[in-house]
Amino acid sequence: MRRSKALLGVLLVLATISKSPWGAAASSSYCKQMGSTTFRPHSVTITEFGAVGDGVTLNTKAFQNAIFYLHSFADKGGAQLFVPAGRWLTGSFSLISHLTLSLDKDAEIIGSMDSSDWPVIDPLPSYGRGRELPGGRHQSLIHGSNLTDVIITGDNGTINGQGIVWWDWFQNHTLNYTRPHLIELMYSTEVVISNLTFKNSPFWAIHPVYCSQVLVQNVTILAPLDSPNTDGIDPDSSTNVCIEDCYISTGDDLIVIKSGWDEYGISFAYPSSNISIRRIAGETKSGAGIAFGSEMSGGISEVEAEGIHLFNSLHGIRLKTSPGRGGYVRNIYISDVTMTDVKIAIRITGQYDEHPDDKYDENALPLINRITIKDIVGVNISIAGLLEGIRGDNFSSICLSNVFLDATADPPWRCSYIQGYSNLVSPESCEPLRDVPNETSVCYAANHLRPHLSDADRLAGSSFVKLTSL
Ligand SMILES: *[C@@H]1O[C@H](CO)[C@@H](O)[C@H](O)[C@H]1NC(C)=O
Ligand SMILES: *[C@@H]1O[C@H](CO)[C@@H](O)[C@H](O)[C@H]1NC(C)=O
Ligand SMILES: *[C@@H]1O[C@H](CO)[C@@H](O)[C@H](O)[C@H]1NC(C)=O
Ligand SMILES: *[C@@H]1O[C@H](CO)[C@@H](O)[C@H](O)[C@H]1NC(C)=O
Ligand SMILES: *[C@@H]1O[C@H](CO)[C@@H](O)[C@H](O)[C@H]1NC(C)=O
Ligand SMILES: *[C@@H]1O[C@H](CO)[C@@H](O)[C@H](O)[C@H]1NC(C)=O
Ligand SMILES: *[C@@H]1O[C@H](CO)[C@@H](O)[C@H](O)[C@H]1NC(C)=O
Ligand SMILES: *[C@@H]1O[C@H](CO)[C@@H](O)[C@H](O)[C@H]1NC(C)=O
Ligand SMILES: *[C@@H]1O[C@H](CO)[C@@H](O)[C@H](O)[C@H]1NC(C)=O
Ligand SMILES: *[C@@H]1O[C@H](CO)[C@@H](O)[C@H](O)[C@H]1NC(C)=O
Numbered sequence: 000m001r002r003s004k005a006l007l008g009v010l011l012v013l014a015t016i017s018k019s020p021w022g023a024a025a026s027s028s029y030c031k032q033m034g035s036t037t038f039r040p041h042s043v044t045i046t047e048f049g050a051v052g053d054g055v056t057l058n059t060k061a062f063q064n065a066i067f068y069l070h071s072f073a074d075k076g077g078a079q080l081f082v083p084a085g086r087w088l089t090g091s092f093s094l095i096s097h098l099t100l101s102l103d104k105d106a107e108i109i110g111s112m113d114s115s116d117w118p119v120i121d122p123l124p125s126y127g128r129g130r131e132l133p134g135g136r137h138q139s140l141i142h143g144s145n146l147t148d149v150i151i152t153g154d155n156g157t158i159n160g161q162g163i164v165w166w167d168w169f170q171n172h173t174l175n176y177t178r179p180h181l182i183e184l185m186y187s188t189e190v191v192i193s194n195l196t197f198k199n200s201p202f203w204a205i206h207p208v209y210c211s212q213v214l215v216q217n218v219t220i221l222a223p224l225d226s227p228n229t230d231g232i233d234p235d236s237s238t239n240v241c242i243e244d245c246y247i248s249t250g251d252d253l254i255v256i257k258s259g260w261d262e263y264g265i266s267f268a269y270p271s272s273n274i275s276i277r278r279i280a281g282e283t284k285s286g287a288g289i290a291f292g293s294e295m296s297g298g299i300s301e302v303e304a305e306g307i308h309l310f311n312s313l314h315g316i317r318l319k320t321s322p323g324r325g326g327y328v329r330n331i332y333i334s335d336v337t338m339t340d341v342k343i344a345i346r347i348t349g350q351y352d353e354h355p356d357d358k359y360d361e362n363a364l365p366l367i368n369r370i371t372i373k374d375i376v377g378v379n380i381s382i383a384g385l386l387e388g389i390r391g392d393n394f395s396s397i398c399l400s401n402v403f404l405d406a407t408a409d410p411p412w413r414c415s416y417i418q419g420y421s422n423l424v425s426p427e428s429c430e431p432l433r434d435v436p437n438e439t440s441v442c443y444a445a446n447h448l449r450p451h452l453s454d455a456d457r458l459a460g461s462s463f464v465k466l467t468s469l
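First residue of the sequence shown? That's 0 in numbering that gives the first Met the number 0, and the numbers climb one at a time after it.
Encoded structure:
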């Protein structure tokens, strides 16, 4: 009897575990699997290709030649390119499949300050043009297209974009093309970026676009708080992405999920989904800790973010969209967030504007629903929530649970064209969110990977309520 009770207990615990939210279940197995170090039977050092780590010699050719040489090992388990201690100045170069780029502890790859060392490439099909200027865009410092099995790692080595010249060119309007990223991988799968520091990116630091199975783990991303558009990590039209254990302090969004821009993003129709973000800390002067959009025209769904610690920032959590974007943002679950000295804890902007050209369709309205924000504590917050949908296009099932914000503004919540629910929210949420969710309300509970459950079951408010009572 006693024994069967104990057994029942174990079974109940197992049942509870199997019902755990997607982030915990899927990301842990997926991230573990991705994080396992792939052994490369062949390794070369960049100095074997004539590189000089004096911070002055331009090593673009050495990187290109080393990687060209390693092509022949792709079908033999792949190869590693090792970058030893030193300061390795280079222009943009491209990676190949089955390659590990490994930096030594005191190795620093430094981007050239001559814009001609960053070739101009085609705009992304889902953007129709460069993000900042019409036409092409400068290729990222480390680039890759149509790759499988790529690892960029190091013992906290550094990749430094020397972004200051690009920020000046941006500010004095002398750029001819959109600024480059530090790393951009396009149409690639099985990508690991880990154990590195990224400094002073000209533009967004890490940009996986049209990728799947991407792990970004244990990286530090730094740029001055007043540097323009220096986002940290921007998963864009990408699926099955894990981002964990990162410290990010930059001028714009720390992590922002995107999926293409207006009519180009709508017709390219390549969504971002299955994205897990865990244990992130940092600060941003003009952006948000976790953001969505404003480019979201291919759709964004099934995103879970947990364990986020933000300080000294403009926004905590932010969703940006506009008429003309089309697409959707749905099934988003953000939990366990602490914020200190943040001006606007939660912000939803339905009129962000910024269009690629005047060919966008004003009637292409974004569908925004099932956004759950849970277990949030904020100290020294100005506005708790500035939540603005679009007239005639209410953003719905916006669910707040267990949210405590020490907000000074009066009123602390400002809401328009928003509908949803709240439970245990202080200060009391705005009127359209005052309903308490129940079994038939559609708050997103992030347990969509539970097998054998119908849509109705997985969206049931019951687990939302159950979770809040924990
Ligand atoms: C990061 O470094 C740690 C310590 O050296 C190592 O155990 C881990 O495998 C590395 N992570 C990845 C994803 O390469
Ligand atoms: C890369 O993959 C995309 C999508 O499959 C394809 O359209 C493109 O032609 C490929 N590019 C190259 C250089 O193979
Ligand atoms: C993070 O990276 C540092 C070096 O950059 C390494 O010492 C540490 O073990 C890594 N931690 C994990 C969890 O991989
Ligand atoms: C890696 O280097 C950065 C920049 O120097 C530093 O802030 C960070 O703490 C280091 N990370 C680890 C894990 O040692
Ligand atoms: C713009 O900034 C660049 C980079 O610092 C500088 O070389 C250039 O002289 C500046 N141009 C103008 C018009 O201020
Ligand atoms: C823009 O183009 C002009 C004319 O070709 C060139 O002198 C200038 O260096 C370019 N600016 C940048 C930032 O590349
Ligand atoms: C998202 O994850 C679920 C569960 O692992 C999987 O069934 C689905 O195919 C994934 N979606 C994409 C676009 O990969
Ligand atoms: C509150 O946060 C603001 C930034 O939003 C900061 O300037 C101010 O010093 C903080 N106040 C206290 C008492 O820490
Ligand atoms: C839109 O939401 C508001 C509350 O923000 C509500 O009063 C209004 O009835 C909703 N409109 C529609 C069409 O559901
Ligand atoms: C549950 O919430 C829905 C939507 O707010 C409402 O229509 C319904 O009456 C509620 N049901 C119960 C049993 O409270």
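From the three backbone atoms N, C-alpha and C, an ideal C-beta is built for every residue, glycine too.
Could you check whether the Cβ of residue i sits closer than 8 Å to any heavy atom belonging to ligand 6?
i, result
"L423", "no"
"N228", "no"
In this structure, does DSSP put residue i in helix, strand or coil?
i, result
"Y286", "In the sequence as presented, Tyr is not what sits at residue 286; that position holds Gly. Reduced to three states, the DSSP call for G286 is coil."
"G264", "helix"
"D74", "helix"
"G135", "coil"
"T439", "coil"
"S115", "helix"
"I333", "strand"
"F48", "helix"
"P322", "coil"
"P431", "helix"
"D235", "strand"
"R277", "strand"
"G156", "strand"
"Y269", "coil"
"L448", "Interpretation of L448 is limited by its pLDDT of 36, a score under 50 that renders its predicted location unreliable; the figure taken from the coordinates is listed afterwards. DSSP places L448 in coil when its eight states are reduced to three."
"A304", "strand"
"Y126", "coil"
"D340", "strand"
State the start and end residues of the unbroken alpha helix (DSSP H) segment that holds residue i.
i, result
"W166", "I163 to Q170"
"K472", "In the structure as shown, the chain starts at 0 and stops at 469, and residue 472 therefore has no counterpart that could be examined."
"T59", "T59 to L69"
So is residue i buried or exposed if we call it buried at 16+ other beta carbons inside 10 Å?
i, result
"S425", "exposed"
"M338", "buried"
"G134", "exposed"
"S430", "First, the residue type needs correcting, since residue 430 is Glu and not Ser in the sequence shown. The residue is exposed, with fewer than 16 neighbouring Cβ atoms inside 10 Å."
"H41", "exposed"
"T407", "exposed"
"D167", "exposed"
"F202", "buried"
"N362", "exposed"
"H137", "buried"
"A78", "buried"
For residue i, is the beta carbon positioned less than 8 Å from some heavy atom of ligand 5?
i, result
"N171", "yes"
"D116", "no"
"W168", "yes"
"V164", "yes"
So is the beta-carbon of residue i under 8 Å away from any non-hydrogen atom of ligand 1?
i, result
"S193", "yes"
"Q79", "no"
"L214", "yes"
Could you tell me whether any non-hydrogen atom of ligand 7 is closer than 8 Å to the CB of residue i?
i, result
"S211", "yes"
"E294", "no"
Under the criterion of a Cβ to heavy atom distance below 8 Å, does residue i qualify as lining ligand 8?
i, result
"V376", "no"
"K284", "no"
"S101", "no"
Just checking residue i against ligand 4 - is the residue's beta carbon closer than 8 Å to any of the ligand's heavy atoms?
i, result
"T157", "yes"
Just to check, is the beta-carbon of residue i closer than 8 Å to a non-hydrogen atom of ligand 9?
i, result
"G388", "yes"
Return yes when at least one heavy atom of ligand 3 lies under 8 Å from the C-beta of residue i, else no.
i, result
"G153", "yes"
"D244", "yes"
How is the beta strand (DSSP E) around residue i delimited, first residue to last?
i, result
"W87", "G85 to T89"
At a cut-off of 8 Å, is residue i close to ligand 2 when judged by its beta-carbon and the heavy atoms of the ligand?
i, result
"S144", "yes"
Within the chosen definition, does the region 369 to 385 reach the region 349 to 359 through at least 3 CB pairs nearer than 8 Å?
-> Because the criterion of three Cβ pairs below 8 Å is not met, the region 369 to 385 and the region 349 to 359 do not touch.
The region 153 to 173 touching the region 380 to 389, judged by at least three CB pairs closer than 8 Å | The answer is no - the region 380 to 389 does not touch the region 153 to 173, with fewer than three Cβ pairs under 8 Å.
Contact between the region 155 to 173 and the region 94 to 111: three or more CB pairs below 8 Å?
-> Contact between the region 155 to 173 and the region 94 to 111 is present, because at least three Cβ pairs lie under 8 Å.
Pairing CB atoms from the region 93 to 101 with CB atoms from the region 258 to 274, are three or more of them under 8 Å?
-> Counting C-beta pairs closer than 8 Å gives fewer than three between the region 93 to 101 and the region 258 to 274, which falls short of the contact rule.
Count the C-beta pairs between the region 118 to 125 and the region 55 to 73 that are closer than 8 Å, then say yes if the count reaches three, no if not.
-> Short answer: they don't touch.
Would you be able to state if there are at least three C-beta pairs under 8 Å between the region 81 to 91 and the region 248 to 263?
-> The region 248 to 263 and the region 81 to 91 do not touch, with fewer than 3 CB-CB distances between them shorter than 8 Å.
Between the region 205 to 216 and the region 234 to 244, are three or more C-beta pairs nearer than 8 Å?
-> The answer is yes - the region 234 to 244 touches the region 205 to 216, with three or more Cβ pairs under 8 Å.
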